[in-house]
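Last residue of the sequence shown: 257 in numbering that gives the first Met the number 0, with the numbers rising by one and none dropped.
Heads up: the structure comes next, in structure tokens.
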Amino acid sequence: MKQAGYESDLFVFQAGEKSKTRKTKEMIEDAMLESGYRRDCCILAIGGGVVTDLAGFIAGTYGRGIPFINYATTLLAAADASVGGKTAVDTPLATNLIGLFYQPKKVYLDIATWQTLPQRQIASGLAETIKHACLADQDFFEYLKQHMDQIWTFDKDVCEHIARTNCKIKYTVVMQDERETGLREILNLGHTIGRAIETVSDYKLLHGEALAIGLAAEAELACQFGYLAKAEQDEMVQLLKEPDFRLPFLLILIGKSW
Ligand SMILES: NC(=O)c1ccc[n+]([C@@H]2O[C@H](COP(=O)([O-])OP(=O)(O)OC[C@H]3O[C@@H](n4cnc5c(N)ncnc54)[C@H](O)[C@@H]3O)[C@@H](O)[C@H]2O)c1
């Protein structure tokens, strides 16, 4: 950025969900003000979903709104968090309670960055990916079943297909209902239970791990209420187990031992 003639600074904060707070937002805003940034600046959010959610919220309120660009470096951020314009911070009560709908000007997904992610983070991102397949695209569900092994070896074609399909599914929904007045709620599949579990685990569970439990639990409810066939539920749970979500253990926790 500097070589290209832009004034720029790095604002870094402690990694992890526990940093996605109003306190961190204030700390970064104060640092930006101190460095002299005004309304003609732009935020580049480089990181996972915690960074893109927090940076987007800062961009939405700094100087009454400045542009921001997401550069997603986790599978989860590429699959979901960096696209769609939901920005927020957590509070002690629950996740994402304070925030804005505020769209990034551009989103970059760099699949090369996935290679340095711990396996647990890859599995976490796969939960959002499986969620998209379940809610929108049966072909994608089949694709994931057949190509799960190649995700772990970072096969370029498979990773690109996953990145593109995730974006396409999310973008298609968001374009029809940006502010979640109806349709966009489908993107919350698994999240009603997942977010509650994420919060009570005190963030020891990653977002995607809690979501995987939420998806399995909501599939069980859907089956009980007659919205999902038992065979479909089994397929869904089978796919959720593939990325090693420690599901058997986690499902026992919610009183069910598949
Ligand atoms: N806005 C939305 O629509 C939306 C959707 C889904 C999830 N989310 C949010 O996303 C967050 C979870 O995102 P996440 O899973 O990316 O978490 P994260 O941002 O905490 O990143 C996970 C960990 O990976 C590290 N990391 C990032 N990139 C790396 C890389 N390339 N190599 C090695 N380590 C790397 C981070 O420092 C962090 O420790 C949650 O806060 C969730 O609420 C938002």
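C-beta atoms are modelled at their ideal positions from N, C-alpha and C, and glycine is treated no differently.
### Query
Opposite Gly46 in the DSSP bridges: which residues?
Ala71
### Query
Which residues mark the beginning and the end of the alpha helix (DSSP H) in which Thr171 is found?
155–175
### Query
Is it true that the CB of Thr180 sits closer than 8 Å to the CB of Leu116?
no
### Query
Is Glu159 near ligand 1, with its Cβ less than 7 Å from a heavy atom?
no
#### Entry: Close-in-space but distant-in-sequence residues of the same chain around Ala54 (CB under 7 Å, 5 per side omitted)
Ile42, Ala44, Phe67
### Message
Measuring straight from C-alpha to C-alpha, what distance separates Arg194 and Ala93?
### Response
8 Å
### Query
Cβ atoms of Lys155 and Leu214: under 8 Å apart, would you say?
no
### Query
If you drop the 5 nearest sequence neighbours on each side, which residues of the same chain put their C-beta closer than 6 Å to that of Lys169?
Val82, Gly83
#### Entry: Whole-angstrom distance between Leu205 and Pro247, CA atom to CA atom
Because Pro247 carries a pLDDT of 49, less than 50, the predicted location of this residue cannot be relied on, and no value is offered for it.
### Task
From the DSSP output, in three-state form, read off Lys130 for me.
helix
### Query
Hey, Ala77 and Gly207: beta-carbon distance below 8 Å or not?
no
### Query
At what residues does the alpha helix (DSSP H) containing Val236 begin and finish?
229–240
### Task
Taking 8 Å as the threshold, find out whether the region 224–240 comes into contact with the region 27–43 through three or more Cβ pairs.
no
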